[in-house]
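Structure first, then comments.
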Amino acid sequence: MRAKLLFLILILCFLNRPASAQYVQEWGDVSLEQWEINSFENDENAHSIILFDLGESYVDKNIEIIHKRHKRVKILNPDQSDYTEIKISVYDDRSVQQLRNISAQTINRGADGETVKIEVEKDNIFTENSDNWETTSFTFPALEPGSIIEYEYEIIYSNPAALPGWTFQHSSPTLHSEYRVLVPDYLNYSAYNYGYLPFEKTDDDDEYLNRMRRYYNLAPSRSSYTFFRTVLKDAPAIRDEPYVTSLDNYKNQVKYQLAGYTNNEGLYRSYMSNWDEIADELMDSYSYGKSITTRRSLRRSTEQVIDGIEDEMEKARTIYNYVAENVQWNNKYRLSTTDRADKILEDLSGNSSDKAILLISMLRSAGLQADPVIISTRSNGKVDWNYPTPRSFNHTIVLLQIDDTILLLDPIDEIIPFGILNPSSINGSGLLMSEDNAKIVDILPDNLSSIRTASVLNLDSTGKLSVQLRSNYYGYDAIVHRYLAEEEDQQTYLEENHLENAPGSEIEEFELLNLDDSSKPLIINADIVNDQYATVAGDMIYINPFFKDRISKNPFSNPNRNFPVEFNYGTNKQVRTTLTIPEGYEIVEIPENSSAQFSDKTGFSFVHEVSGNTIQMLLVTVNNEIEVDTDRYDDLRNYYAFLTEFFNQQIVFRKTDDSAEVLMETETGQSGN
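Using the working numbering, count along the sequence shown one by one with no gaps and you end on 680.
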């Protein structure tokens, strides 16, 4: 009886273990359950599965942050997994951050169930320095389908205000991700949770608190410790989707900020900044605000640039064009400046904020009102305005005010016209830092973007197609296509960005007009022939009339999406097409005049008219819907499914009876006389 009771108690203890016990295990100990995991629900694209990802951070006796991580991953497909190579980056200044105690290994399991552990040797762990970062990398040996890899490391943060956050979602699904933080009572941190997935409720925190209190170098508290434990289980992968700014905006995360501390005299001191304090600190810094200058040498240079110009707006435009065109951008987005504005002008090169600070200095030297607006570019993620920190920003733009007119200027590249922002800078809002105060300002697209295309399609009876194409690009669309045209030779640019739906096309002649003049539309003229675009089958010819800018595939193929669709900017496209009917043929089928609306800001229409031997077509698509929330995703997906089906229609021509009779008469030599 006692044996049965003891057995029952053991079973109940097992069932009441913390849920993490089945996932988080000691180094090198792999349970049978983990070996048997070979898929993740509703994810056929999972090439690996994160079995557990455990982080711990605490304050040591030196009032430094010790950050530990232990991660274990099941490799399903070594050729495509993101975890065959690991990279860990810290600041290259060891007085700020230091990486140490790296261990990594591959664990394989034979047919007999025996495990083989292959350690990553220290000689195969490499470190390189680049742009103020020290990156350590290593690869895992002997990987095969079903391998388990794990690695662990520590990072020391010298500043207790730099308590690291934690990201719970990655490109592979995660069964268990957990972050534990233990700090002494005289340090007061605020925690901020983000993400769409619900975090686990943790009722067993005392066990893990006591574990962390056993660290030999833990900073002593005065009376108690503050403990944070955050857990996310069974988190699906979060992968790149069309029309998304930065995935970091939508991953489940936790961040910490030092709100204040109690000094040795028992007095509480606030540490957390507000946006006004951050602005004051930046503007008083030699690596930012004090770089703005109106020294005599810079004033003289400015006067030379605007010599003879009286109109203030024209002065601003001329100064802007000078900075955008003559100061080389080093392709680095940075918040900090490298030098004073007058030195940047001497060197004629700098990072993104260098160019903005120089523009402000020259505008002020010309007597104009200009102030910096610090922003986060789209790829850097959105700013959390509840979490004041300068680390959120990586770029500066300029707010210019002349009378009642306010313009945002982005002089990063000569491709960007005066008064229009680089599309990558349109990320919702920024922090304006004027002499009076700091305030959050909206940074939204102005919908000044459009494409106008006219094409003449001449189709003969053999199916050969000759095309005369002319496209005008305005606003943001012109900026994007100027960048694309810069990246490759012009013919390759045309083939990849204008003829992607017409394989087999040969460009006979082409020209790109205004490529270097951002004040004018970008114009593309091209003469094209294609023997493969139309299909000839017996007496029939089939041709898709939407030669350019066709939506041939639904960009929203994923049936589920857990974050919004972000279009960056609105655009209006108009395509006028004239298609000649091949001699001796008649129309059998043609797409019907159609229209559809996704919303009052987004829709399309198509009309055609047959006149003699030509078909005149006008296609208009408008998308001024900048952000579509998840609750409307199905509607958007269905709208694009409709568009895809519409654009894949063809015009069908059939040889007329008259043409057949003429052909027979020609072949038999009958003249009709």
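Ideal Cβ positions, reconstructed from N, Cα and C, are used throughout, including at glycine.
Spatial neighbours of residue i in its chain, beta-carbon cut-off 6 Å, leaving aside the 5 residues before and after
i	result
Y201	Q260
V123	N115
P25	Caution applies to P25, whose pLDDT of 37 falls short of 50 and renders its modelled position unreliable; the value that the coordinates give is listed next. Closer than 6 Å at the Cβ level, and outside the excluded window around P25, lie D211.
Q105	I163
S456	G482, Y483, D484, Y576, T578
R459	N479, Q581
Own chain partners of residue i with C-beta closer than 8 Å, once the 5 adjacent residues on each side are dropped
i	result
R107	Y160, E161, I162, I163
W173	G62, S184, Y186, T237, Q260, V261
T673	Per-residue confidence for T673 stands at a pLDDT of 45, beneath the threshold of 50, marking its modelled position as unreliable; no derived number is given.
T301	S368, R371, S372
Short Cβ contact (8 Å threshold) for residue i with residue j
i	j	result
R347	S298	yes
L239	F175	yes
S356	Y340	no
F517	N532	yes
R568	T637	yes
K471	N434	no
T384	S431	yes
L522	R489	yes
T344	I364	yes
G62	Y263	no
T584	M624	yes
S179	I57	yes
S96	Y158	no
Y576	Y483	yes
D467	P552	no
E48	Y250	no
I597	H615	yes
S559	F653	no
L476	Q497	no
Q656	Y549	no
R221	Y232	no
A168	L83	no
Chain B contact for residue i (CB, 8 Å cutoff)
i	result
L216	Among the protein chains of the structure shown there is no chain B, as only one such chain exists.
Continuous alpha helix (DSSP H) stretch holding residue i: start and end
i	result
E282	It is worth fixing the name first, because residue 282 is Trp in this sequence and not Glu. Looking at the DSSP string, the run of the alpha helix (DSSP H) that includes W282 is 282 to 290.
E502	497 to 504
E310	303 to 312
Q41	39 to 42
Y98	Premise fails: Y98 lies in the beta strand (DSSP E), 92 to 98, not in any alpha helix (DSSP H).
K322	319 to 333
D354	348 to 354
For residue i, the first and last residue of its enclosing beta strand (DSSP E)
i	result
Q604	601 to 606
G267	260 to 269
V617	609 to 618
G62	55 to 66
T651	T651 -> not in any beta strand (DSSP E); alpha helix (DSSP H) instead, spanning 640 to 654.
Among the options, nearest to residue i - alpha-carbon criterion
i	options	result
I72	H54, S102, D86	S102
N401	W392, I382, I413	I382
S64	T587, F234, T113, L506	F234
N686	A461, D496, S473	This structure cannot settle anything about residue 686, because the visible part of the chain is limited to 8 through 680.
D138	N338, E157, S253	N338
I125	V31, L150, F649, Y481	L150
P85	I419, P152, E248, R398	P152
E493	V463, D420, D443, V448	D420
N195	Y278, N131, E207	Y278
S197	K580, P171, K350	P171
I514	D534, E503, T91	D534
N630	Y90, Y647, N620	Y647
T747	S294, T143, F611	What the structure shows of the chain is the stretch from 8 to 680, and residue 747 is not part of that stretch, so it cannot be assessed.
Beta-carbon proximity list for residue i, same chain, < 7 Å, skipping 5 on both sides
i	result
R661	D546, M547, Y592, E593, V595
I423	A331, D417, N429, I486, S525
D60	K78, T181, S184
Y193	R229, Y268, T269
L352	L305, S308, L365
D443	none
D67	I73, N224, L225, A226
Residue i: CB within 7 Å of a non-hydrogen atom of the ligand ZN
i	result
Q104	The ligand ZN is not part of this structure, which contains no ligands at all.
Q: Pair every Cβ in the segment 283 to 292 with every Cβ in the segment 321 to 335, then say whether three or more of these pairs are closer than 8 Å.
A: No contact exists between the segment 283 to 292 and the segment 321 to 335.
**Q.** Contact the segment 299 to 317 vs the segment 407 to 427: 3+ CB pairs below 8 Å
**A.** The segment 299 to 317, when compared against the segment 407 to 427, does not touch it at the 8 Å Cβ threshold.
(Q) Taking contact to mean 3 or more Cβ pairs, one atom from each stretch, closer than 8 Å, check whether the segment 603 to 614 and the segment 522 to 541 are in contact. (A) No: fewer than three Cβ pairs fall under 8 Å.
Q) If you pair each beta-carbon of the segment 274 to 283 with each one of the segment 214 to 229, do three or more pairs fall below 8 Å? A) With the rule of 3 Cβ pairs closer than 8 Å, the segment 274 to 283 does not count as touching the segment 214 to 229.
Q) How about the segment 420 to 429 and the segment 439 to 446: do they share at least three Cβ pairs that are nearer than 8 Å? A) Judged by pairs of C-beta atoms under 8 Å, the segment 420 to 429 does not touch the segment 439 to 446, as fewer than three such pairs exist.
Q: Please determine if the segment 45 to 57 and the segment 190 to 204 are in contact, where contact requires at least 3 C-beta pairs separated by less than 8 Å.
A: Output reads no: the segment 190 to 204 does not touch the segment 45 to 57.
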